[in-house]
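Asks: The listed protein sequences correspond, in order, to chains A and B. Per the working numbering, residue 1 is the first one in the first sequence, and the count goes up by one each step. Per the working numbering, residue 256 is the first one in the second sequence, and the count goes up by one each step. Just so you know, even glycine gets a beta-carbon here, dropped at the ideal spot from N, CA and C.
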Amino acid sequence: MSLLEIKDLSMHFGGLVAVSDFELDMEAGELVGLIGPNGSGKTTVFNMLSGFYEPTKGSIHFDGSDITGLRPDRIAARGVVRIFQNGRLFKSMTALENVLMGHHMRLRSSSPFAAVLQTPRYLRNDTEAREECEALLEDLGLGNMKDEEAGALPFGIQRKLEVARALATHPKLLLLDEPMTGLSAEEMSEMVDYIVQVREGFDITILLVEHTMAVIMTVCPRIVVLDHGITIAEGTPSEIQNDPGVIEAYLGVEE
Amino acid sequence: MASKLKIKPVRSLVAVAVLLLLMAWGQGNLSRYYIKILHFWGIYVILGATLQLVYGYTGQFSLAHAALVAVGAYTTGLVTLSPETKALSYLLAPPVWPISVIEWPLLPALLLAGLLTGLVGFLVGAPALRLRGDYLAIVTLGISEIIRLLFCNLPSVCNGAMGLKGIPMRATLLWTWTVVVITLFVVKRLVDSNYGRALRAIREDEIAAEALGVNLFYHKLLAFVVSAFFVGVAGGLMAQILGTIDPNTFSQVLSYAALTIVVLGGVRSLTGTVIAAGVYAISSELLRAAEAPTTIFGFDLPGIPGMRVIFFGVLLLVIILYYRKGLLGEREFSWDALESWARNLGASKKRV
Chain A
1 MSLLEIKDLS MHFGGLVAVS DFELDMEAGE LVGLIGPNGS GKTTVFNMLS
51 GFYEPTKGSI HFDGSDITGL RPDRIAARGV VRIFQNGRLF KSMTALENVL
101 MGHHMRLRSS SPFAAVLQTP RYLRNDTEAR EECEALLEDL GLGNMKDEEA
151 GALPFGIQRK LEVARALATH PKLLLLDEPM TGLSAEEMSE MVDYIVQVRE
201 GFDITILLVE HTMAVIMTVC PRIVVLDHGI TIAEGTPSEI QNDPGVIEAY
251 LGVEE
Chain B
256 MASKLKIKPV RSLVAVAVLL LLMAWGQGNL SRYYIKILHF WGIYVILGAT
306 LQLVYGYTGQ FSLAHAALVA VGAYTTGLVT LSPETKALSY LLAPPVWPIS
356 VIEWPLLPAL LLAGLLTGLV GFLVGAPALR LRGDYLAIVT LGISEIIRLL
406 FCNLPSVCNG AMGLKGIPMR ATLLWTWTVV VITLFVVKRL VDSNYGRALR
456 AIREDEIAAE ALGVNLFYHK LLAFVVSAFF VGVAGGLMAQ ILGTIDPNTF
506 SQVLSYAALT IVVLGGVRSL TGTVIAAGVY AISSELLRAA EAPTTIFGFD
556 LPGIPGMRVI FFGVLLLVII LYYRKGLLGE REFSWDALES WARNLGASKK
606 RV
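(1) Would you report the Cα separation of A/S50 and B/A383, rounded to the nearest angstrom?
(2) Please tell me whether B/V441 has its Cβ less than 8 Å away from any Cβ of chain A.
(3) Residues of chain A with CB under 7 Å from B/A383, in chain order?
(4) B/Y312 versus chain A: which residues are under 9 Å apart at the beta carbon?
(5) Among residues of its own chain, excluding the 5 on either side of B/V351, which ones have a beta-carbon nearer than 7 Å to its beta-carbon?
(6) Three-state secondary structure (DSSP) at A/E23?
(7) Classify A/G235 as helix, strand or coil using the three-state DSSP reduction.
(8) Does B/A257 come out as helix, strand or coil in the three-state DSSP assignment?
(9) With 8 Å as the C-beta to C-beta threshold (strictly closer), list the residues of the stretch 81 to 94 of chain A near chain B in chain order.
(10) With a threshold of 16 other CB atoms inside 10 Å of the CB of A/Q118, please say whether the residue is buried or exposed.
(11) Taking only beta carbons into account, state which residues of the stretch 462 to 483 of chain B come closer than 8 Å to chain A, listed in chain order.
(12) Residues of chain B with CB under 7 Å from A/D126, in chain order?
(13) Once you ignore the five residues that flank B/E358 on each side, which residues in its own chain have a CB closer than 8 Å to its CB?
(14) Look at B/L541 and B/A531 and say whether their C-beta atoms are less than 8 Å apart.
(15) Please check if any C-beta of chain A sits within less than 8 Å of the C-beta of B/R586.
(16) Distance check for B/V480 and B/Y511, CA to CA, integer angstroms please.
(17) Alpha carbon to alpha carbon, how far is A/A129 from A/I204?
(18) Going by other Cβ atoms of all chains shown within 10 Å of its Cβ, with 16 needed for buried, is A/Q197 buried or exposed?
(19) Which partner residues does A/D177 have in the DSSP bridge list?
(20) Measuring only between beta-carbons, confirm whether B/E594 sits less than 8 Å from chain A.
(21) If I follow the unbroken beta strand (DSSP E) through B/K475, where does it start and stop?
(22) Under 8 Å, do A/N98 and A/L89 count as touching if we go by C-beta distance?
(23) For the alpha helix (DSSP H) containing B/I574, name the first residue and the last one.
(24) Can you check whether the C-beta of B/R444 is within less than 8 Å of a C-beta belonging to chain A?
(25) Note down the Cα distance separating B/N408 from B/G415, rounded to an integer number of angstroms.
(26) Compare the C-alpha of B/L582 against each of B/V434, B/T528, B/W432 and name the closest.
(27) If you count every other CB in all the chains shown that lies within 10 Å of the CB of B/I401, and 16 or more means buried, which is it?
(28) Under 8 Å, Cβ to Cβ, is there at least one residue of chain A near B/D460?
(29) Between B/L576 and B/L570, what straight-line distance do the alpha-carbon atoms span, to the nearest angstrom?
(30) Do you know how far the Cα of A/E187 is from the Cα of A/I156?
(31) Assuming B/T372 contacts B/L323 under a Cβ cut-off of 8 Å, what Cβ separation, rounded to an integer in Å, is found between them?
(32) Please work out which residues of its chain come closer than 8 Å, Cβ to Cβ, to A/C220, disregarding the five sequence neighbours upstream and downstream, and give them in chain order.
(33) I need the straight-line Cα distance from B/Q315 to A/S92, nearest angstrom please.
(34) Do B/A426 and B/T361 come within 8 Å of each other at the CB atom, strictly closer than that value?
(35) Quick one: Cα of B/L439 to Cα of B/Y299, how far?
(36) Round the Cβ separation of A/L4 and A/F62 to the nearest angstrom and send it over; I've been treating them as touching at under 8 Å.
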């Protein structure tokens, strides 16, 4: 059975059809790219997957259960975690604190009372969380900046940190919304390596929305193309590159 | 390292013990006027610190403090008043059972005030905390007024607009400041825990926090209810300090007082809150002069009741416009900082 099964997913805003009958199956461990011109509905799909929009129609099954229309925190708790397009780090917190926030929902075992009384169990959990998050930053090559304020880090590092923070939730499916936005060419190639490293090192499934064609074509073995809310093509990078419908969507029709 | 870890709590415990001993001494040796100022300093610390939790750390702009204080004060007043006094002073309608027969000592009365106010906090917070920013402020302001009017219009429960008189004044400075210490301890421990981190995350970016699996509603409500509990206890102490309360004792001014203290001390600084609460308590006494009739340059000025409130309103505006960090910004007192400060002081003296 697939990890993620999306059927007939549609989102209407009044009369505007943002996404129409979107379908996608993803196996565990897959890396799928979702592309399309501006306004084609990619981010809307992400908002439905992560619970920020309730779909008008259709269903999302994840890991054997229906997650359609659940609240964002519930969906995150089931293992679907997203990265936002323009970055949403907690800027006044340190890098480590940001990652600890990713870890927070897994600390449910200790109650606020235990936290105030600092019971041995709470302190043990807290130390474990800290050690785990420090190790995670270390693994991802961000260890030396754990005590830096997140907002003061270079933009490229901030994007990486946001991925690290998402990984601290132990997600099964990671939704990356344009992780390359605003990065320099050099930072971009670092980010590509980073995504590959994350996928291999953490045994994780990734759905990647991206504008930069070069990135999508090199990283994703399978690509889905959206235009005006409709899936117009699906296939390997070479299939997509030669698909007349895709070329038309991106470049327009020859007169 | 191990010895250093052990020194810190000991130092804090000694400081708390000294503070409480001073308060116990003050109770016996200071005049009633100064005792009252110290009481209100303590009350304002509790109101400020609890608003720090809700507004400073969690970013939820609530103006419900006045109503929550009222709930706590009325609860304590009602359960500590003797049944005879109640029977005598309820002129509009006889008191209902169980209020008519109950008479409790101070400690359970304060705990009940905290618990009931916590419950009211839950009932207010559950619908209101779905809103954000200005909307939340307006709704909490409205609910606050509703609660005050309820007290006005329930003669058989809380004697309506006549309020409660002759509440036994059992709260000593030691009581008030013990509650202050407990409140500061709980708020500090909570904001430094992983829960506190989640509260700060919610303040910075709700959407990001929610996407990481943080249940926004639960965490906001947690902050609100914990804060309401201590506000309720503070209200209970207030009833015991004043001896007489009526619905107008808990006008919206109290919510603004808490806000002024938070902003003056520095948002997210509990040390600042303690200092600002003192400034507020003392200056609101000194400013009584402004409300008394005076003669300036030969002009006879009538006393204007409410001048103090205007002063604090202007103060709040000035801080927000020109001095946003308040007294301490986000800094907190720490023993280490004090130590290095003392060391620097010593070093500079030697140089001279």
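Replies: Concretely, from the data shown:
(1) Taking the first residue of the first sequence as position 1, residue 50 of chain A is located at position 50. Taking the first residue of the second sequence as position 1, residue 383 of chain B is located at position 128. Distance between the alpha carbons of A/S50 and B/A383 is about 25 Å.
(2) Residue mapping note: residue 441 of chain B aligns to position 186 of the second sequence, counting from 1. B/V441 counts as touching chain A.
(3) Taking the first residue of the second sequence as position 1, residue 383 of chain B is located at position 128. Near B/A383 there are no residues of chain A at all, since even the closest Cβ is about 19 Å away, more than 7 Å.
(4) As a first step, residue 312 of chain B is located in the second sequence; it is residue number 57 there, counting from the start. The contacting residues do not exist; B/Y312 stays about 12 Å from chain A at best.
(5) In the second sequence, residue 351 of chain B corresponds to position 96, counting from 1. The residues are S411, V412.
(6) As a position in the first sequence, residue 23 of chain A is number 23, starting the count at 1. Strand at A/E23.
(7) Taking the first residue of the first sequence as 1, we reach residue 235 of chain A at position 235. If DSSP states are grouped into helix, strand and coil, A/G235 belongs with the strands.
(8) Here the question's residue 257 of chain B lines up with position 2 in the second sequence. Confidence at B/A257 is low in this model, with a pLDDT of 43, below 50, so the placement of that residue is unreliable and no value is reported for it.
(9) V81, R82, F84, R88, L89, F90, K91, S92, M93
(10) Reading the first sequence from its first residue, position 118 is the one you call residue 118 of chain A. With fewer than 16 Cβ atoms within 10 Å of its Cβ, A/Q118 is classed as exposed.
(11) I462, A463, A464, E465, A466, L467, G468, V469, N470, L471, L477, V481
(12) Working through the first sequence from its first residue, we reach residue 126 of chain A at position 126. Within 7 Å Cβ-Cβ: N449.
(13) Taking the second sequence and counting its residues from 1, the one referred to as residue 358 of chain B is at position 103. So the list reads V334, T335, L336, S337, P338, once near-sequence residues are dropped.
(14) Here residue 541 of chain B is taken as the residue at index 286 of the second sequence, counted from 1. Here residue 531 of chain B is taken as the residue at index 276 of the second sequence, counted from 1. Contact flag unset, no.
(15) Indexing the second sequence from 1 puts residue 586 of chain B at position 331. With 8 Å as the cut-off, B/R586 does not count as an interface residue toward chain A.
(16) Stepping through the second sequence from its first residue, residue 511 of chain B is reached at position 256. Stepping through the second sequence from its first residue, residue 480 of chain B is reached at position 225. Approximately 19 Å, taken between the alpha carbons.
(17) Residue numbering aside, residue 129 of chain A sits at position 129 when the first sequence is read from its first letter. Residue numbering aside, residue 204 of chain A sits at position 204 when the first sequence is read from its first letter. Rounded to whole angstroms, A/A129 to A/I204 spans 21 Å at the Cα level.
(18) Taking the first residue of the first sequence as position 1, residue 197 of chain A is located at position 197. Looking at its Cβ environment, which holds fewer than 16 other Cβ atoms inside 10 Å, A/Q197 is exposed.
(19) Taking the first residue of the first sequence as position 1, residue 177 of chain A is located at position 177. DSSP output for A/D177 lists A/V209 as bridge partner(s).
(20) Within the second sequence, the letter at position 339 stands for residue 594 of chain B. With 8 Å as the cut-off, B/E594 does not count as an interface residue toward chain A.
(21) Stepping through the second sequence from its first residue, residue 475 of chain B is reached at position 220. Not the beta strand (DSSP E): B/K475 falls in the alpha helix (DSSP H), residues 471 to 497.
(22) Locating residue 98 of chain A in the first sequence gives position 98, where the first residue counts as 1. Locating residue 89 of chain A in the first sequence gives position 89, where the first residue counts as 1. It is a contact, given that the beta carbons lie within the stated cut-off.
(23) One-based indexing of the second sequence puts residue 574 of chain B at position 319. Per DSSP, B/I574 belongs to the alpha helix (DSSP H) from 562 to 577.
(24) Position 189 of the second sequence holds residue 444 of chain B. Interface residue, yes.
(25) As a working mapping, residue 408 of chain B is identified with position 153 in the second sequence. As a working mapping, residue 415 of chain B is identified with position 160 in the second sequence. Roughly 5 Å separates the two Cα atoms.
(26) Residue mapping note: residue 582 of chain B aligns to position 327 of the second sequence, counting from 1. The candidate whose alpha carbon is nearest that of B/L582 is B/T528.
(27) Counted from its first residue, the second sequence places residue 401 of chain B at position 146. Exposed, since its Cβ has fewer than 16 Cβ neighbours within 10 Å.
(28) One-based indexing of the second sequence puts residue 460 of chain B at position 205. With 8 Å as the cut-off, B/D460 counts as an interface residue toward chain A.
(29) The residue you call residue 576 of chain B lines up with position 321 of the second sequence. The residue you call residue 570 of chain B lines up with position 315 of the second sequence. For B/L576 and B/L570, the distance between alpha carbons rounds to 10 Å.
(30) Here residue 156 of chain A refers to the residue found at position 156 of the first sequence. Here residue 187 of chain A refers to the residue found at position 187 of the first sequence. One point to set straight first is that residue 156 of chain A is Gly, not Ile, in the sequence displayed. Computed Cα separation, rounded: 6 Å.
(31) Locating residue 372 of chain B in the second sequence gives position 117, where the first residue counts as 1. Locating residue 323 of chain B in the second sequence gives position 68, where the first residue counts as 1. Indeed, because the Cβ distance is near 5 Å, the residues count as touching under 8 Å.
(32) Residue 220 of chain A sits at position 220 when you count from the first residue of the first sequence. Result list for A/C220: L31, V32, G33, L208, P237, in chain order.
(33) As a position in the second sequence, residue 315 of chain B is number 60, starting the count at 1. As a position in the first sequence, residue 92 of chain A is number 92, starting the count at 1. Cα-Cα distance, rounded: 18 Å.
(34) Counting from 1 along the second sequence, the entry for residue 361 of chain B is found at position 106. Counting from 1 along the second sequence, the entry for residue 426 of chain B is found at position 171. Looking at the sequence shown, residue 361 of chain B is not Thr but Leu. The answer is yes: Cβ separation under 8 Å.
(35) Taking the first residue of the second sequence as 1, we reach residue 439 of chain B at position 184. Taking the first residue of the second sequence as 1, we reach residue 299 of chain B at position 44. In a straight line, the C-alpha of B/L439 is about 12 Å away from that of B/Y299.
(36) Taking the first residue of the first sequence as 1, we reach residue 4 of chain A at position 4. Taking the first residue of the first sequence as 1, we reach residue 62 of chain A at position 62. Between A/F62 and A/L4 the Cβ distance is about 5 Å, and since that is below 8 Å, they are a contact.
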